[in-house]
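Notes for the one structure printed next.
Residue numbers (the working numbering): 37 to 553.
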């Protein structure tokens with residue numbers, strides 16, 4: 037273990053601060069009501085037990101360029117001085133004063149006499165990489181310095197104090213050990229890193245929480261032998277009355293042409309009210325150097341995963357396969373993606389009555405009794421708008437965008453669209469889901485097949501279909517006017533495709549009942 041020491045007499049240099057004042061600074065000194073602050077970064081030494089600090093990470097030959105400073109007027113850090121960015125941080129230049137790196141003059145550091153608190157102090161180089169950081173109380177590295185942040189600053193009018201701040205070399209994979217909350221370290225870039233943030237939805241409460249989680253990375257396969265990172269964990273702190281979790285950035289070597297394998301496991305924490313099962317609440321994904329570089333350009337620059345969470349009404353709201361950890365294309369990350377579900381376990385977030393369907397019955401908000409209802413296939417074409425009527429219902433425009441793009445199952449080359457019953461005024465929050473409508477197009481493109489796939493216990497009295505392959509809708513609104521099978525209970529039909537598209541489709545059923553109601 038290498039220790040780092042400064043070859044300079046810090047306290048002897050205090051006098052040097054007063055020898056190079058600009059005219060602006062001299063004017064400040066003559067003003068008895070304001071004080072110009074100057075900070076000096078004093079590099080500290082890690083103890084022998086910290087095996088993470090290496091000469092490479094401390095970048096001994098790097099040249100400091102500026103510092104990000106956060107100064108509050110209260111010890112808790114709720115009110116900051118003016119001049120900061122959205123995170124209340126002020127960028128101040130640095131100069132080498134005979135071996136002492138000190139902040140340059142800044143109008144933002146010209147303050148009225150009072151008591152202030154230094155909450156944040158991080159030194160960057162010209163490439164915006166973090167070199168040194170002053171640790172905070174509560175962090176694992178706080179004991180490495182004599183005065184961990186927040187550091188009290190007493191300003192007396194007419195003086196020009198020099199504030200020496202002890203800093204430690206910044207270790208990306210140990211960033212939580214510096215004790216900074218998540219909002220501060222969003223600004224701290226970790227060279228060649230992949231960052232992750234997780235929200236966890238608790239089945240017991242139905243609420244979504246920031247998650248405590250760990251990440252393991254292999255270079256050969258999941259649970260492989262080539263371990264790159266093991267049990268890296270994010271941090272959880274209280275921000276006011278609410279728990280806040282941090283983004284976890286994984287410091288990695290250049291991956292080249294290799295693919296790395298990662299597993300994220302949701303953990304329990306005493307500040308978080310959810311109860312997770314680490315044996316089942318995990319997801320796996322692969323990433324490459326191209327993924328790392330693409331993330332750096334993203335906003336926000338981290339992967340945000342909602343684990344065990346369903347979009348509204350349990351339906352996908354993304355293109356299948358684009359959610360990190362989603363392996364089965366349903367846009368929801370849960371135990372089904374890792375084949376870790378218990379036998380016969382129904383895993384549908386938001387499903388409170390155990391029928392594996394999320395609808396108004398789970399929240400006791402159904403408007404109907406569940407029998408004798410009308411049902412329509414969901415779509416992006418609201419029929420009441422087209423026909424200027426009060427009756428609810430949808431039509432589906434199959435043109436590669438909108439609802440048909442959202443519910444297209446690329447793996448099975450078909451569409452699976454919700455079939456909603458009792459959705460008065462097209463409000464699905466008060467509806468119940470009677471099943472799915474499955475739409476398939478022949479490989480030769482000459483026929484389209486439409487099937488109503490009812491859920492267990494659901495029956496229908498009659499069905500009505502409309503299809504057109506030249507982007508036309510029926511002249512009259514009533515289902516009976518465009519019905520192809522009036523009075524029947526037919527659940528599927530095939531239509532010839534002779535036109536050029538787009539396709540228009542309406543699927544309706546009457547007298548829909550559910551025996552569970």
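Note that CB positions come from ideal geometry on N, CA and C, so glycine has one too.
Rounded to whole angstroms, what's the CA-CA distance from residue 153 to residue 72? Just pull it up for me. 15 Å
N- and C-terminal bounds of the beta strand (DSSP E) containing residue 537: Note, residue 537: premise wrong, no beta strand (DSSP E); not H, not E.
Does the beta-carbon distance from residue 325 to residue 291 come in below 8 Å? yes
Since residue 323 and residue 300 are thought to touch, with beta carbons under 8 Å apart, how far apart are those beta carbons, to the nearest angstrom? Incorrect: roughly 12 Å between the Cβ atoms, too far for contact.
Exposed or buried, which one is residue 160 when buried takes at least 16 other CB atoms within 10 Å? buried
State the Cα-Cα distance for the pair residue 441 and residue 410, rounded to the nearest angstrom. 25 Å
In its own chain, which residues sit with a C-beta less than 6 Å from the C-beta of residue 485, not counting the 5 before and 5 after it? 476 and 530
In the DSSP output, what is residue 172 paired with across the bridge? 185
Compute the beta-carbon to beta-carbon distance between residue 429 and residue 544, rounded to the nearest angstrom, for a pair I have assumed lies under 8 Å. 7 Å
Just curious, the beta strand (DSSP E) that residue 490 is in, first and last residue? 483 to 490
Residue 80: first and last residue of the uninterrupted alpha helix (DSSP H) it sits in: No alpha helix (DSSP H) contains residue 80, which DSSP labels as neither H nor E.
Would you call the stretch 103 to 111 and the stretch 120 to 128 touching, i.e. three or more CB-CB distances under 8 Å? yes
Nearest-angstrom Cα distance between residue 523 and residue 444? Here residue 523 scores only 48 on pLDDT, less than 50, and its place in the model should not be relied on; the value that follows carries that caveat. C-alpha separation (whole angstroms): 30 Å.
Does the separation of the CB atoms of residue 229 and residue 185 fall below 8 Å? no
Hey, how far is the Cα of residue 119 from the Cα of residue 157? 15 Å
Using C-beta distances below 6 Å, list every residue in its chain close to residue 231, excluding the 5 sequence neighbours before and after it, in chain order. 283, 285 and 338
Hey, would you say residue 541 sits closer than 8 Å to residue 419, going by beta carbons? no
Could you give the first and the last residue of the continuous alpha helix (DSSP H) run that contains residue 431? From DSSP, residue 431 is part of no alpha helix (DSSP H) but of the beta strand (DSSP E) over 430 to 434.
Using a Cβ-Cβ cut-off of 6 Å (strictly less than) and excluding sequence neighbours within five positions of residue 234, which residues of its own chain qualify? 247, 249, 341 and 343
Let me check understanding here. Comparing Cα to Cα, which of 449, 453, 427 and 446 lies closest to residue 512? 427
Could you check which residue in 548, 252, 509 and 163 has the C-alpha nearest to that of residue 594? Outside the displayed span of the chain (37 to 553) sits residue 594, for which this structure offers no information.
Chain C beta carbons: is any one of them nearer than 8 Å to that of residue 323? Within the model displayed, chain C is absent; a lone protein chain is all it includes.
Exposure label - residue 108; buried when at least 16 CB within 10 Å: buried
Restricting to Cα atoms, I'd like to know which of 451, 502 and 145 is closest to residue 478. 451
For residue 422, the three-state DSSP class (helix, strand or coil): helix
Three-state secondary structure assigned by DSSP to residue 330: helix
Could you tell me how far apart the beta carbons of residue 80 and residue 167 are, in whole angstroms, since I believe they sit closer than 8 Å? That belief does not hold up - the Cβ atoms of residue 80 and residue 167 are roughly 13 Å apart, past 8 Å.
Spatial neighbours of residue 310 within its chain, please: C-beta separation below 6 Å, excluding the five flanking residues on both sides. 236, 238 and 245
Going by DSSP, name the residue or residues bridged to residue 230. 286
Residue 440: first and last residue of the uninterrupted alpha helix (DSSP H) it sits in: 438 to 442
Got a sec, what are the start and stop residues for the beta strand (DSSP E) residue 257 sits in? Looking at the DSSP string, residue 257 is not in any beta strand (DSSP E), and its letter there is neither H nor E.
Looking at residue 533 and residue 482, is the spacing between their C-beta atoms short of 8 Å? yes
The beta strand (DSSP E) enclosing residue 458, as first and last residue numbers: Where residue 458 is concerned, there is no enclosing beta strand (DSSP E), given that its DSSP letter is neither H nor E.
From this set, 468, 453 and 454, which residue's C-alpha is nearest residue 460's C-alpha? 468
Kindly give me the distance between the Cβ atoms of residue 155 and residue 215, rounded to whole angstroms, as I take these residues to be in contact under 8 Å. Incorrect: roughly 11 Å between the Cβ atoms, too far for contact.
Within a Cβ cutoff of 6 Å, which residues of the same chain sit near residue 487, ignoring the five residues on either side of it in sequence? 474 and 528
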